[in-house]
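Engineer:
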Amino acid sequence: MPQQIIALIIIAYFISRLVWQKRKNFIGFNEFMFWLFFWLAAAVLIASLRFIDRLVSGLGFSGSGIEVLLYLSVAILFYLLFRLRLKLEKIEKDITKIVKHIALKDK
Amino acid sequence: MYMVENIMPAQGGPALGGKVFCVIPAYNESRTIKAIINEVKPLVDRVVVVDDGSTDQTYDLAKDLDIDLPRHIINRGQGAALRTGTAYSLSQGADIIVHFDADGQFLSQDIAKIIEPIKLGQAEVVFGSRFLSTQSDSCRAEPGQAGENKQVESGMPLFKKYFIMPLARAVNKIFFKIDLTDPQSGFRAMTAQAARKMDWQQDRMAHCSEIMFMVKKNNFKAAEVPIRVIYHSFGQSLFDGFKIIKDLFIAMLVS
Numbered sequence: 001m002p003q004q005i006i007a008l009i010i011i012a013y014f015i016s017r018l019v020w021q022k023r024k025n026f027i028g029f030n031e032f033m034f035w036l037f038f039w040l041a042a043a044v045l046i047a048s049l050r051f052i053d054r055l056v057s058g059l060g061f062s063g064s065g066i067e068v069l070l071y072l073s074v075a076i077l078f079y080l081l082f083r084l085r086l087k088l089e090k091i092e093k094d095i096t097k098i099v100k101h102i103a104l105k106d107k
Numbered sequence: 001m002y003m004v005e006n007i008m009p010a011q012g013g014p015a016l017g018g019k020v021f022c023v024i025p026a027y028n029e030s031r032t033i034k035a036i037i038n039e040v041k042p043l044v045d046r047v048v049v050v051d052d053g054s055t056d057q058t059y060d061l062a063k064d065l066d067i068d069l070p071r072h073i074i075n076r077g078q079g080a081a082l083r084t085g086t087a088y089s090l091s092q093g094a095d096i097i098v099h100f101d102a103d104g105q106f107l108s109q110d111i112a113k114i115i116e117p118i119k120l121g122q123a124e125v126v127f128g129s130r131f132l133s134t135q136s137d138s139c140r141a142e143p144g145q146a147g148e149n150k151q152v153e154s155g156m157p158l159f160k161k162y163f164i165m166p167l168a169r170a171v172n173k174i175f176f177k178i179d180l181t182d183p184q185s186g187f188r189a190m191t192a193q194a195a196r197k198m199d200w201q202q203d204r205m206a207h208c209s210e211i212m213f214m215v216k217k218n219n220f221k222a223a224e225v226p227i228r229v230i231y232h233s234f235g236q237s238l239f240d241g242f243k244i245i246k247d248l249f250i251a252m253l254v255s
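Chains as they are written, first to last, in UniProt numbering: chain A, 1 to 107; chain B, 1 to 255.
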């Protein structure tokens with residue numbers, strides 16, 4: 001229980017930072033909504049750890065709920081990293097297009 | 001149908017003519033660029049050197065030599081520079097486009113060999129192959145040639161010959177169904193029609209495999225001719241090979 005309370009306090013801190021960044025217009029609406037959803041989802045999952053324990057046990061996992069959440073978060077991180085790599089690739093291609101255009105235009 | 005023929009240059013065949021442009025991507029090649037341009041210039045109608053964002057004297061040395069010199073404001077890689085040079089050549093009315101290196105690895109005398117199958121109407125794209133010539137394994141830079149001041153090795157490094165190249169050949173064959181003797185040939189020639197249809201996307205070294213794949217995809221009549229190569233102490237390592245595979249894999253995912 002104390003661990004859950006600590007985790008929820010940390011999440012509350014991140015959400016307050018998020019709201020502050022939005023008010024200062026440091027982030028756009030879409031980014032604000034994405035992170036708000038992310039932290040609220042994390043809070044809901046932490047608040048319902050017992051239910052998740054039962055759920056993962058029922059699904060046949062040997063680990064506890066928090067372990068399964070950790071596995072899931074690592075998988076999501078890998079996916080986001082992959083998406084970032086693809087995005088970077090597209091940006092690289094766009095840069096090359098611009099460089100080529102300038103090279104041909106300047107000739 | 002995709003055809004790969006190992007054509008030895010025909011002797012005394014009727015020349016069909018046409019403007020030959022030689023595209024040379026150059027990135028920090030100040031030591032060799034002048035010699036390369038002077039060697040290549042008498043052999044083709046126009047030389048197009050694409051300065052790929054060099055930070056040394058490459059651009060300044062090349063601009064005094066009365067050639068076409070498009071310039072990348074930042075370095076984008078050999079594949080990107082070749083794309084720029086090819087697009088420029090097409091805009092200037094090229095009939096045959098040759099891709100050549102600025103580091104003195106290839107011999108300018110082989111340009112005639114590589115464009116001959118195109119001039120004879122035997123091929124639309126011709127690849128130079130280091131594996132069709134016995135001479136390619138024992139070529140050394142001589143004084144006066146481009147690369148004379150560079151540390152050179154005699155013959156293809158054994159690790160490259162017996163490990164990297166077979167691996168690259170296997171990757172080409174398994175993933176792209178390409179069956180050429182030289183899996184990473186950077187010395188090639190193509191007709192303007194073929195060049196217009198080939199829009200390779202790889203900016204760096206993986207463009208070699210991509211161009212081969214595009215030849216197959218477009219059913220171009222392809223040929224390989226033996227070329228001689230001077231091996232320097234630098235060149236593609238095993239790490240570069242894996243980087244090429246990674247780039248091609250990501251390109252498959254993105255497209």
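Beta carbons are placed, not taken as given, at the ideal position from N, Cα and C, and that holds for glycine.
Mind listing, in chain order, the continuous beta strand (DSSP E) runs of no fewer than 3 residues lying wholly within the UniProt domain "Glycosyltransferase 2-like" (23 to 137) of chain B?
Structural biologist: The UniProt domain "Glycosyltransferase 2-like" (23 to 137) of chain B contains these whole beta strand (DSSP E) runs: 46 to 52, 96 to 99, 125 to 129.
Engineer: Report yes or no: is there a C-beta of chain A within less than 9 Å of the C-beta of B/Val49?
Structural biologist: Numbered from its first residue, the second sequence carries residue 49 of chain B at position 49. With 9 Å as the cut-off, B/Val49 does not count as an interface residue toward chain A.
Engineer: Can you give me, in chain order, the residues of the segment 76 to 102 of chain A that have a beta carbon less than 8 Å from any beta carbon in chain B?
Structural biologist: So the list reads Arg85, Leu86, Glu89, Lys90, Glu92, Lys93, Ile95, Thr96, Val99, Lys100, Ile102, given in the order they occur along the chain.
Engineer: Identify whether B/Ala206 lies in helix, strand or coil by the three-state DSSP scheme.
Structural biologist: Within the second sequence, residue 206 of chain B is the residue found at index 206, counting from 1. Here B/Ala206 sits in coil by DSSP.
Engineer: My output table needs one value for B/Phe220: the three-state DSSP class, helix, strand or coil.
Structural biologist: Numbered from its first residue, the second sequence carries residue 220 of chain B at position 220. Residue state, collapsed to three classes: coil.
Engineer: Taking only beta-carbon positions, decide if B/Lys150 is within less than 9 Å of chain A.
Structural biologist: Mapped onto the second sequence, residue 150 of chain B falls at position 150. The predicted model places B/Lys150 with a pLDDT of 37, which falls under 50 and marks its position as unreliable, so this point remains unresolved.
Engineer: Rounded to a whole number of angstroms, what is the C-alpha to C-alpha distance between B/Gln105 and B/Arg228?
Structural biologist: Position 105 of the second sequence, counting from 1, holds the residue named residue 105 of chain B. Position 228 of the second sequence, counting from 1, holds the residue named residue 228 of chain B. Approximately 9 Å, taken between the alpha carbons.
Engineer: Okay, do the segment 16 to 34 of chain A and the segment 43 to 57 of chain A touch, 3+ Cβ pairs below 8 Å being the bar?
Structural biologist: Cβ pair count under 8 Å is below three, so no.
Engineer: Looking at A/Glu89: is its Cβ nearer than 9 Å to the Cβ of B/Ile245?
Structural biologist: Position 89 of the first sequence, counting from 1, holds the residue named residue 89 of chain A. Position 245 of the second sequence, counting from 1, holds the residue named residue 245 of chain B. No, the Cβ-Cβ distance between A/Glu89 and B/Ile245 is not below 9 Å.
Engineer: Tell me, to the nearest whole angstrom, how far the beta carbon of B/Ala62 is from that of B/Ile37; I am working on the premise that it is less than 8 Å.
Structural biologist: To locate residue 62 of chain B, count along the second sequence from 1; it is residue 62. To locate residue 37 of chain B, count along the second sequence from 1; it is residue 37. At roughly 6 Å, the Cβ-Cβ gap stays under 8 Å, so B/Ala62 and B/Ile37 are in contact.
Engineer: Using a Cβ-Cβ distance cut-off of 9 Å, determine whether B/Thr32 contacts chain E.
Structural biologist: Within the model displayed, chain E is absent; protein chains A and B are what it includes.
Engineer: CA-CA distance, residue 271 of chain B and B/Lys119?
Structural biologist: There is no way to answer for residue 271 of chain B, as the model of chain B reaches only from 1 to 255.
Engineer: Could you tell me whether the Cβ of B/Ile250 comes closer than 9 Å to any Cβ of chain A?
Structural biologist: To locate residue 250 of chain B, count along the second sequence from 1; it is residue 250. By this cut-off, B/Ile250 is an interface position.
Engineer: So which of B/Ala194, B/Lys160, B/Ser89 has the shortest CA-CA distance to B/Asp182?
Structural biologist: By 1-based counting over the second sequence, the position of residue 182 of chain B is 182. Ranking B/Ala194, B/Lys160, B/Ser89 by Cα distance to B/Asp182 puts B/Lys160 first.
Engineer: Measuring alpha carbon to alpha carbon, tell me which residue in B/Ala35, B/Thr58, B/Leu248 is nearest B/Arg204.
Structural biologist: As a position in the second sequence, residue 204 of chain B is number 204, starting the count at 1. Nearest of B/Ala35, B/Thr58, B/Leu248 to B/Arg204, Cα basis: B/Leu248.
Engineer: Within its chain, find whatever has a CB closer than 7 Å to the CB of B/Ala81; leave out the 5 residues flanking it on each side and keep chain order.
Structural biologist: Translated into the one-based positions of the second sequence, residue 81 of chain B becomes position 81. Excluding residues within five positions, the ones whose Cβ falls inside 7 Å are Pro25, Val50, Asp52, His72.
Engineer: What is the C-beta distance between A/Leu36 and A/Ile15, in whole angstroms, given that I count them as a contact (C-beta under 8 Å)?
Structural biologist: Looking up residue 36 of chain A in the first sequence gives position 36. Looking up residue 15 of chain A in the first sequence gives position 15. 7 Å between Cβ atoms; contact.
Engineer: Taking the alpha carbon of A/Ile9 as the reference point, which residue from A/Ala42, A/Gly65, A/Lys93 has its own alpha carbon closest?
Structural biologist: Locating residue 9 of chain A in the first sequence gives position 9, counting from the first residue. With distances taken between Cα atoms, A/Ile9 lies closest to A/Ala42.
Engineer: Which residues of chain B have a Cβ atom closer than 8 Å to the Cβ of A/Leu104, listed in chain order?
Structural biologist: The residue given as residue 104 of chain A occupies position 104 in the first sequence. Near A/Leu104 (Cβ distances below 8 Å), the residues of chain B are Pro70, Thr84, Ala87, Tyr88, Ser91.
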